[in-house]
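Number of protein chains: 2
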Amino acid sequence: MEIEKPYLLFLGDAPDALAAKTAQGIVDWRRDWCVGQLRLPGCLADTGLPDLDIATARARGGKTLIVGVANAGGVLPPHWAAPIVAAIAAGMDVAAGLHMKLADNPEIAAAAAKHGRRLFDVRHSTERFATGKGVKRPGKRLLTVGTDCSVGKKYTALALERAMTARGYHADFRATGQTGVFISGRGVSVDAVVADFISGAAEWLTPANDPDHWDVVEGQGSLFHPSFAGVTLGLLHGAQPDAFVVCHEPTRTRMRGVEHRLPTIREVIDLTVQCGRLTNPDIRCVGIAVNTERLSDEEARRVIAETVRAEGLPATDPVRFGVEAIVDKIAEEFGLP
Amino acid sequence: MEIEKPYLLFLGDAPDALAAKTAQGIVDWRRDWCVGQLRLPGCLADTGLPDLDIATARARGGKTLIVGVANAGGVLPPHWAAPIVAAIAAGMDVAAGLHMKLADNPEIAAAAAKHGRRLFDVRHSTERFATGKGVKRPGKRLLTVGTDCSVGKKYTALALERAMTARGYHADFRATGQTGVFISGRGVSVDAVVADFISGAAEWLTPANDPDHWDVVEGQGSLFHPSFAGVTLGLLHGAQPDAFVVCHEPTRTRMRGVEHRLPTIREVIDLTVQCGRLTNPDIRCVGIAVNTERLSDEEARRVIAETVRAEGLPATDPVRFGVEAIVDKIAEEFGLP
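Quick note, the sequences are listed as chains A and B, same order. Residue numbers for the first sequence follow my numbering, beginning at 1 and rising by one. Residue numbers for the second sequence follow my numbering, beginning at 1001 and rising by one.
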């Protein structure tokens, strides 16, 4: 399943920019895949793309309407059905990452059947996965892991794909969450697969490849998060990374959504190596991505310098300072492209 | 969801005893919940229960028809629909653990709707779980873990429930696989829940309880199994066990279904303690269940004695020698009932 480009981004009546963060993520990383945005009256989000109606979007080549907006509960409000049906009637596929499936809306399902268009519910994979086999596959893989959820694992992976490609590496971002799937046009929401198939889905996502090819895999959760560690471990085993980057938010004191303390970067490195060795005995850490969003420039530089000193590894904030230091380490450990 | 007792066990046309091992497991542990068995022509399995037709089973109080037979692919053969529909028409609920849902068979679904009976597809939980919270709950919990899949985790948990109850403990077996669900009348197939909810499902399964109450939780997979370790870790975090028992099959050299070597008992103890501490800092190992099915009596005694010596913990084969040694250790560590 590959979502066809270019996209028309549907923002609905998003009450603020945060509600449209999926759309914004697509624009940040794949602006050239987007013909425009479609907003309903009252929409307070704006990705900066041109506002297009469906006919104009089609005329400009738009192939897929992406529902790039979330609301409480992941439901599809009834008044979104009409514009979605209109896009289908105009010849577009539709992709969404809501809990509620597009395919479960009778009007949308009927329109897709009538016009022969595809509906992508990226949170509900229809792919039949095998269970993981744990056999070493050719090609190289890098996984972003974290001290917690929502610390920048997707951003770091995308920044590494971009920087590695610029240096001449063959590198592909591999998406494991819904926004990532839209950004790469394919992928799997690993947190939504049936538990028995987590590592199998990760193996499907990162198949055998050329020896010098890098899959740069978006991590999920944390081995230390009591809600999601199972997903993290299955992804680690299935992705069998040669290299990993630890993502960390230094101002956080509790793990997201629970009362647990944050693990240290060192604890995450050690447990990732210990568990990752099961499917890749040579796994190693190549850097630390520190999310310094809440720090001043000076504090950010200080925290990063301390991290470099404490861990003996490159550290950087991918947003503020780029990821060149980590790519240097990849070159040192695994060779130039 | 609680499956109503007593059961009529449907064996279909099982070609051998192995195909009816779910039914056999129910009879082994809950014979008094079963009124009889229903076999089709050609069935070569026999649980030893009386053969009853549906009318007789109903007259003897049978409340639920349990599909206690598996076939390749977990499908429901078309010729099973008629006896299942007949049971529904006679007033029985139906429960199955097939990949194919009872509810997806139009005849069966229509009969259930018409007669107001319930269909339990225990591999496809309809329960809406929350994500795991990792908060310590009152009550005590024991989890069986393993060096591999299919080494006796369910059997060990059931034997411990029985032996602990006989000693005066308040202990309940908590099922995490389909046969276990039929044996306990409730539970969840944790390998079939959506990945994000593994630990949440385990928390739902083992809720807050009296301080002296023991949940004896059926483990799944192995932290060292590259296919299923994610399920194992989520279950460990959600069950937050105070005590665990390592189940091991000493003649196995490769992990089930993959090429990986078996971990040592010590490796399993250490990683279980290391990861389990996240949700229960006092987690400890209380014994080793050695599956000596393939060994002579003499070899079995030798292997068990060696295990006791090497690990400094009680070891036994629950089938051959019972689990009293492990219950003694529970009493020593956690007090008499």
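We put the CB at the ideal spot given by N, CA and C, even for glycine.
TODO: Taking residue 131/A as the query, report the chain B residues whose CB atoms sit under 8 Å from its CB, ordered along the chain.
DONE: The count along the first sequence starts at 1 and reaches residue 131/A at position 131. Simply 1227, 1228, 1257.
Task: Cβ-based neighbour list, residue 1286/B, same chain, cut-off 8 Å, excluding 5 preceding and 5 following - done: Position 286 of the second sequence, counting from 1, holds the residue named residue 1286/B. So the list reads 1142, 1243, 1244, 1245, 1313, 1314, 1326, 1329, 1330, 1333, once near-sequence residues are dropped.
TODO: Compare the C-beta of residue 1326/B against all C-beta atoms of chain A and say whether one is closer than 8 Å.
DONE: By one-based count along the second sequence, residue 1326/B stands at place 326. No - not a single Cβ of chain A is within 8 Å of the one on residue 1326/B.
Task: Euclidean distance between Cα positions of residue 1036/B and residue 1049/B - done: Against the second sequence, residue 1036/B aligns to sequence position 36. Against the second sequence, residue 1049/B aligns to sequence position 49. Near 5 Å, if we compare the C-alpha coordinates of residue 1049/B and residue 1036/B.
TODO: Have a look at residue 346/A and residue 64/A and give me their C-alpha separation to the nearest angstrom.
DONE: No answer is possible for residue 346/A: the residues shown for chain A start at 1 and end at 337.
Task: Residues that residue 1192/B contacts on chain A, provided the C-beta gap is smaller than 8 Å - done: Position 192 of the second sequence, counted from the start, is the residue given in the question as residue 1192/B. Per Cβ cutoff of 8 Å: 194, 195, 196.
Open item on the list: Under DSSP, the beta strand (DSSP E) around residue 338/A begins and ends at which residues?
Closed with: Since the first and last residues shown for chain A are 1 and 337, residue 338/A lies out of range.
Task: Secondary structure, alpha helix (DSSP H): runs of 4+ residues fully inside the stretch 213-291 of chain A - done: 229-239, 265-276
Open item on the list: When you compare the CB of residue 1079/B with every CB in chain A, is at least one pair closer than 8 Å?
Closed with: Residue numbering aside, residue 1079/B sits at position 79 when the second sequence is read from its first letter. Residue 1079/B has a beta carbon lying at 8 Å or more from every beta carbon in chain A.
Task: Buried or exposed (CB count within 10 angstroms, at least 16 for buried), residue 302/A - done: The residue labelled residue 302/A in the question sits at position 302 within the first sequence. In the assembly as shown, residue 302/A is an exposed residue. Its beta-carbon has fewer than 16 other beta-carbons within 10 Å.
Open item on the list: Please tell me whether residue 150/A has its Cβ less than 8 Å away from any Cβ of chain B.
Closed with: Along the first sequence, read from residue 1 onward, the residue named residue 150/A stands at position 150. Judged by the 8 Å Cβ criterion, residue 150/A is not in contact with chain B.
TODO: Between the Cα of residue 1096/B and those of 1088/B, 1066/B, 1157/B, 1017/B, spot the shortest distance and give me the residue it belongs to.
DONE: Locating residue 1096/B in the second sequence gives position 96, where the first residue counts as 1. Comparing Cα-Cα distances from residue 1096/B to each of 1088/B, 1066/B, 1157/B, 1017/B, the minimum goes to 1066/B.
Open item on the list: Helix, strand or coil for residue 1144/B? Go by DSSP, reduced to three states.
Closed with: Locating residue 1144/B in the second sequence gives position 144, counting from the first residue. Looking at residue 1144/B - three-state DSSP - the assignment turns out to be strand.
Open item on the list: Can you list, in chain order, the residues of its chain with a C-beta nearer than 7 Å to that of residue 85/A? Leave out the 5 residues immediately preceding and following it.
Closed with: Sequence index remark: in the first sequence, residue 85/A carries index 85 (1-based). The answer, listed in chain order, is 107, 108, 111.
- [ ] Please report how far the alpha carbon of residue 1198/B lies from the alpha carbon of residue 1190/B, in whole angstroms.
- [x] Mapped onto the second sequence, residue 1198/B falls at position 198. Mapped onto the second sequence, residue 1190/B falls at position 190. About 6 Å.
Task: the stretch 257-289 of chain A: positions lying closer than 8 Å to chain B by Cβ - done: 257, 258, 259, 260, 271, 274, 275, 278, 279
- [ ] Give the secondary structure of residue 1030/B by DSSP, where H, G and I count as helix, E and B as strand, and everything else as coil.
- [x] In the second sequence, residue 1030/B corresponds to position 30, counting from 1. Reduced to three states, the DSSP call for residue 1030/B is helix.
- [ ] Would you please verify whether the beta carbon of residue 1237/B is less than 8 Å from any beta carbon of chain A?
- [x] Your numbering for residue 1237/B matches position 237 in the second sequence. Answer yes: the Cβ-Cβ gap between residue 1237/B and chain A drops below 8 Å somewhere.
Task: Between the CA atoms of residue 181/A and residue 187/A - distance to the nearest angstrom - done: Position 187 of the first sequence holds residue 187/A. Position 181 of the first sequence holds residue 181/A. If I take the Cα positions, the gap works out to 5 Å.
TODO: List the DSSP bridge partners of residue 1338/B.
DONE: Absent from the structure is residue 1338/B, since the part of chain B shown begins at 1001 and ends at 1337.
Open item on the list: Check this for me: beta carbons of residue 1235/B and residue 1276/B, under 8 Å apart or not?
Closed with: By one-based count along the second sequence, residue 1235/B stands at place 235. By one-based count along the second sequence, residue 1276/B stands at place 276. Taking 8 Å as the Cβ cut-off, residue 1235/B and residue 1276/B do not qualify as a contacting pair.
Task: Residues, ordered as in the chain, of the stretch 1199-1210 of chain B that lie near chain A by beta-carbon distance below 8 Å - done: 1199, 1200
Task: Segments of 4+ residues assigned as alpha helix (DSSP H) that fall wholly inside the stretch 24-112 of chain A - done: 54-59, 81-89
Task: CB of residue 1220/B within 8 Å of CB of residue 1257/B, strictly - done: The sequence position of residue 1220/B within the second sequence is 220, counting from 1. The sequence position of residue 1257/B within the second sequence is 257, counting from 1. No, the Cβ-Cβ distance between residue 1220/B and residue 1257/B is not below 8 Å.
Open item on the list: Just checking: is the beta-carbon of residue 1068/B within a distance shorter than 8 Å of some beta-carbon in chain A?
Closed with: For the purposes of this step, residue 1068/B is taken as residue 68 along the second sequence, with counting starting at 1. No, residue 1068/B lies away from the interface with chain A (no Cβ there is under 8 Å from its Cβ).
TODO: Determine the DSSP secondary structure at residue 158/A, reduced to helix, strand or coil.
DONE: On the first sequence, position 158 is the one that residue 158/A refers to. Looking at residue 158/A - three-state DSSP - the assignment turns out to be helix.
Open item on the list: Quick check: what's the CA-CA separation for residue 223/A versus residue 1273/B?
Closed with: Within the first sequence, the letter at position 223 stands for residue 223/A. Within the second sequence, the letter at position 273 stands for residue 1273/B. Rounded to the nearest angstrom, the two C-alpha atoms are 14 Å apart.
TODO: Please look up how many angstroms separate the CB atoms of residue 289/A and residue 263/A, rounded, as I've assumed it's under 8 Å.
DONE: Along the first sequence, one-based indexing puts residue 289/A at 289. Along the first sequence, one-based indexing puts residue 263/A at 263. Not really, about 16 Å apart at Cβ, beyond 8 Å.
Open item on the list: At a threshold of 7 Å, does residue 133/A count as lining the ligand FAD (C-beta to nearest heavy atom)?
Closed with: The ligand FAD is not among the ligands present in this structure, which contains no ligands whatsoever.
TODO: Have a look at 208/A, 271/A, 160/A and flag the residue whose alpha-carbon is nearest the alpha-carbon of residue 217/A.
DONE: Looking up residue 217/A in the first sequence gives position 217. Out of 208/A, 271/A, 160/A, 160/A has the C-alpha closest to the C-alpha of residue 217/A.
TODO: Report yes or no: is there a C-beta of chain B within less than 8 Å of the C-beta of residue 10/A?
DONE: Taking the first sequence and counting its residues from 1, the one referred to as residue 10/A is at position 10. No - not a single Cβ of chain B is within 8 Å of the one on residue 10/A.
Open item on the list: Whole angstroms are fine: how far does the CA of residue 116/A sit from the CA of residue 1240/B?
Closed with: Residue mapping note: residue 1240/B aligns to position 240 of the second sequence, counting from 1. Residue mapping note: residue 116/A aligns to position 116 of the first sequence, counting from 1. The alpha-carbon of residue 1240/B is positioned some 49 Å away from that of residue 116/A.
Open item on the list: If I measure Cβ to Cβ from residue 1169/B and keep anything under 7 Å in the same chain, skipping five residues before and after, which residues do I get?
Closed with: To locate residue 1169/B, count along the second sequence from 1; it is residue 169. Within the same chain, residue 1169/B has close Cβ partners 1214, 1337.
- [ ] Determine which residues of the stretch 1132-1143 of chain B have a Cβ less than 7 Å from any Cβ of chain A, and write them out in chain order.
- [x] Those would be 1132, 1133, 1134, 1135, in chain order.
Task: Inter-residue Cα distance where the pair is residue 1053/B and residue 1039/B - done: Looking up residue 1053/B in the second sequence gives position 53. Looking up residue 1039/B in the second sequence gives position 39. Distance between the alpha carbons of residue 1053/B and residue 1039/B is about 9 Å.
Task: For residue 168/A, the first and last residue of its enclosing beta strand (DSSP E) - done: Residue numbering aside, residue 168/A sits at position 168 when the first sequence is read from its first letter. No beta strand (DSSP E) holds residue 168/A; DSSP gives it neither H nor E.
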